[in-house]
Ligand SMILES: Nc1ncnc2c1ncn2[C@@H]1O[C@H](COP(=O)(O)OP(=O)(O)O)[C@@H](O)[C@H]1O
Ligand SMILES: [Mg+2]
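In the numbering used here, the protein residues as written are 2 to 402.
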């Protein structure tokens, strides 16, 4: 037979995916853990619509995600079925007239005045103005054909997407909602999830892997119960093994924390002084200990660190970046969960008002809530992170001497 013989499309869905595929409610809303197979399922359902010569639109938070989904779908589609695929416009047309086109939150306005049989909303919890887009653009788009919606996301607290999800939970007509954990993708190696679990704060694990709908934005990543159990009424009298200084920016304080070998605070100083006096104040630690001093050298901190280095020995800089900050805060969260660090009430008060926000790719940002200070948290996180490194290095020497 000739080369152009039609190929059958082969997507074998796993059990959870099949449940959604076989549900024909007009609005299907899914909250599922990372890598459960959300995007794969949305491609599979979209393709089945396109094979019925239907028009499918995708709405996602970012252009990047759209590019990924576009490429993913092209991989699944048999070449012979595709009439045109436009990479810059992110649109696909099949020979039977079925089409797919991708829009991001930013380009959603371009959907106005069009008609679609089917709308996929991928990672909808991460579209901040979803409510407006949904009501003023998406619903009108679906009127002519009484089009269907598949809205799918990792949970992200109490968003508009979560409101749509609750409609299904509350059995509103035409709505069906589903929840799946990452464990329910049988194609995913369980070890991969276990590794994620070990490296993730408990709260993040519950949201991103167990797909729990706890609010990721309102409450803090440490957990009040955990914070309380590590408060020490007085500073430890053991010698410091590490010091860390968070340098004051415009409105806040400089905080200098020392930790002993058990991870208990044994030195605390919080002050607001000009740079010259800051150096003199920091210099006091050398009357107690020669332990390493980590200095926040982000931005103006770098100049302060250079001044400190001239007067104080054994100083090392630490720069806060989009990746170094979550790294050290995650270590602190785990340490607080596991009772490996102890701090005073004053530091605990800042821990209570600290906030975690999870972004679309699982990227986490941490900050004190608006109007609160977080310099103690920053200093404690730097100190604890470097304490582990110092003690590990010491243990390593123990075995190699
Ligand atoms: N039914 C399936 N068949 C084959 N691979 C799948 C299937 N579902 C998911 N996968 C694979 O599992 C991984 C995660 O799927 P993806 O759809 O990207 O998950 P999510 O969007 O939930 O993060 C990907 O490597 C994907 O190719
Ligand atoms: Mg996805």
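C-beta atoms are modelled at their ideal positions from N, C-alpha and C, and glycine is treated no differently. Just so we're clear, the structure is a prediction, and the values are computed from it rather than from any experiment.
> Would residue 194 be called buried (16 or more neighbouring beta carbons within 10 Å of its own) or exposed?
Replying inline: buried
> Bridge partners of residue 271, per DSSP?
Replying inline: 256
> Looking at C-alpha atoms only, which residue of 17, 28, 32 and 15 is the closest neighbour of residue 215?
Replying inline: 32
> Which residue or residues does DSSP assign as beta-bridge partners of residue 29?
Replying inline: 151 and 177
> Would DSSP call residue 402 helix, strand or coil?
Replying inline: Residue confidence for residue 402 is low, a pLDDT of 40 falling below 50, so the modelled location carries little weight; the figure read from the coordinates is stated next. Coil at residue 402, not helix or strand.
> Hey, quick one: how far does the beta strand (DSSP E) through residue 58 stretch, first residue to last?
Replying inline: 56–61
> Do residue 116 and residue 95 have their C-beta atoms closer together than 8 angstroms?
Replying inline: no
>> Quick check on residue 366: buried or exposed, where buried means 16 or more other Cβ atoms within 10 Å of its Cβ?
In response: Burial call: exposed.
>> Quick check on residue 218: buried or exposed, where buried means 16 or more other Cβ atoms within 10 Å of its Cβ?
In response: Per-residue confidence for residue 218 stands at a pLDDT of 49, beneath the threshold of 50, marking its modelled position as unreliable; the derived number appears in the next sentence. Exposed, by the Cβ-count rule.
>> Under 7 angstroms: does the beta carbon of residue 13 sit that close to some heavy atom of ligand 1?
In response: yes
>> Using only Cβ atoms and a threshold of 7 angstroms, which residues come within that distance of a heavy atom of ligand 2? Order them by chain position.
In response: 39, 40, 123 and 124
> Over what stretch of residues does the beta strand (DSSP E) that includes residue 293 continue unbroken?
Replying inline: 293–297
> Hey, is residue 1 close to ligand 1, as in C-beta under 7 angstroms from one of its heavy atoms?
Replying inline: With the chain running from 2 to 402 in the structure shown, residue 1 is simply not present.
> Between residue 186 and ligand 1, is the CB less than 7 angstroms from at least one heavy atom?
Replying inline: yes
> Does the count of Cβ pairs from the segment 320–330 and the segment 372–384 closer than 8 angstroms reach three?
Replying inline: Verdict: yes, contact present.
> Among 244, 87 and 358, which one has its Cα closest to the Cα of residue 1?
Replying inline: Because the chain in this structure spans residues 2 to 402, residue 1 falls outside the shown range and cannot be described.
> So is residue 324 buried or exposed if we call it buried at 16+ other beta carbons inside 10 Å?
Replying inline: exposed
>> Between the alpha carbons of residue 337 and residue 228, how many angstroms are there, rounded?
In response: Cα-Cα distance, rounded: 7 angstroms.
>> Judging by CA-CA distance, which residue of 62, 88 and 238 is the nearest neighbour of residue 265?
In response: Comparing C-alpha distances from residue 265 to each of 62, 88 and 238 shows the shortest one belongs to 238.
> Is residue 189 near ligand 1, judged by its Cβ being under 7 angstroms from some heavy atom?
Replying inline: The closest heavy atom of ligand 1 lies less than 7 angstroms from the beta carbon of residue 189.
> Residues in its own chain within less than 7 angstroms of residue 346 by CB, not counting five upstream and five downstream?
Replying inline: Closer than 7 angstroms at Cβ, skipping near neighbours: 232.
>> Could you tell me the alpha carbon to alpha carbon distance between residue 234 and residue 290, rounded to whole angstroms?
In response: 23 angstroms
> Can at least three beta-carbon pairs, one atom from the segment 158–169 and one from the segment 79–86, be found at a separation below 8 angstroms?
Replying inline: no
>> Shorter than 7 angstroms, the distance from the beta carbon of residue 18 to the closest heavy atom of ligand 1, or not?
In response: yes
>> Given this structure, state the Cα-to-Cα distance separating residue 50 from residue 12, to the nearest angstrom.
In response: 14 angstroms
> Under the three-state reduction of DSSP, which class applies to residue 196: helix, strand or coil?
Replying inline: helix
>> To the nearest angstrom, how far is the alpha carbon of residue 107 from that of residue 59?
In response: 13 angstroms
> In its own chain, which residues sit with a C-beta less than 8 angstroms from the C-beta of residue 188, not counting the 5 before and 5 after it?
Replying inline: 15 and 38
> In whole angstroms, what separates the C-alpha of residue 76 from that of residue 48?
Replying inline: Cα to Cα, the separation comes out at about 12 angstroms.
> Rounded to a whole number of angstroms, what is the C-alpha to C-alpha distance between residue 292 and residue 259?
Replying inline: 9 angstroms
> Assuming residue 127 contacts residue 372 under a Cβ cut-off of 8 angstroms, what Cβ separation, rounded to an integer in Å, is found between them?
Replying inline: 25 angstroms between Cβ atoms; not a contact.
> What three-state label does DSSP hand residue 97 in the structure shown?
Replying inline: coil
> Among residues of its own chain, excluding the 5 on either side of residue 70, which ones have a beta-carbon nearer than 8 angstroms to its beta-carbon?
Replying inline: 40, 43, 44, 59, 61, 103 and 123
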